[in-house]
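Contents: one structure, followed by commentary.
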Amino acid sequence: MVRSPLHLRLRESTAAAHEHLENLVGELTDLAAYKRYLSGIYAFRQPIEVAWADSGWPPRFGGWRPTMIASAMDRDLADLGLARPRPEQPHLDTDFAARLGTLYVLEGSSLGAKLLLRNVRMLGLAEDFGARHLSLQANADTWRSYLRLLEQDDEADPDAVIAAANETFAVAARAFTD
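So for the sequence shown, the working numbering puts the first residue at 213; every next one is plus one.
Pasting the structure below:
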């Protein structure tokens, strides 16, 4: 897939934040590490999904919507006997450019979800027990659709998109350190 200039800028401008988050998440080599990951990803994503459900979508997204995984994460937490974390209520702008930046982080996680799903199967987890959210995320179609939106947009301020992506990575990092 050909990358748009904005996609390339996003990738370059968020590389350090992305690497920092990956280091915080670490390797999911045992069930304890996976439980920590699941609690962190829930604390990060759930409030964003709730806020977006309450705020509606800018018309420029057309009928496209991101993959929502909060309800699957709820079931995964229950499968593993984990309490729901009390997430931070981040303030993320909801205009088009800000959502494009936040979606870069959320939808980009679909690429890693395939690998994570394969790894956690070795821990006894599956698409119907403990790893439902990964199964939903592992669909790369929404990532490709997101990239088409990014490619076709010529009105969003690239700096605002990048700032929102970096802020989203920071929110995620806090969820894994709290």
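A virtual CB, placed ideally from N, CA and C, is assigned to each residue, including glycine.
For secondary structure counted as the alpha helix (DSSP H) over 4 or more consecutive residues, the region 267-343 holds these complete runs in sequence order: 282-291 and 308-333.
In chain order, A282 and P299 place their CB closer than 6 angstroms to the CB of Q258, counting only its own chain and leaving out the 5 sequence neighbours on each side.
When only Cα atoms are considered, P302 and I260 end up about 8 angstroms apart.
A straight line joining the alpha-carbon of A228 with that of F381 spans about 10 angstroms. L315 places its beta carbon 8 angstroms or farther from that of P270.
Nearest to F308 by alpha-carbon distance, out of W264, L335, G336 and D288, is W264. Under the three-state reduction of DSSP, S225 is assigned to helix. Across the set E231, R287 and H219, the C-alpha of R287 shows the shortest separation from the C-alpha of H345. CA-CA distance, L250 to A384, rounds to 12 angstroms. Taking 8 angstroms as the cut-off, the beta carbon of A284 is found no closer than this to the beta carbon of L243.
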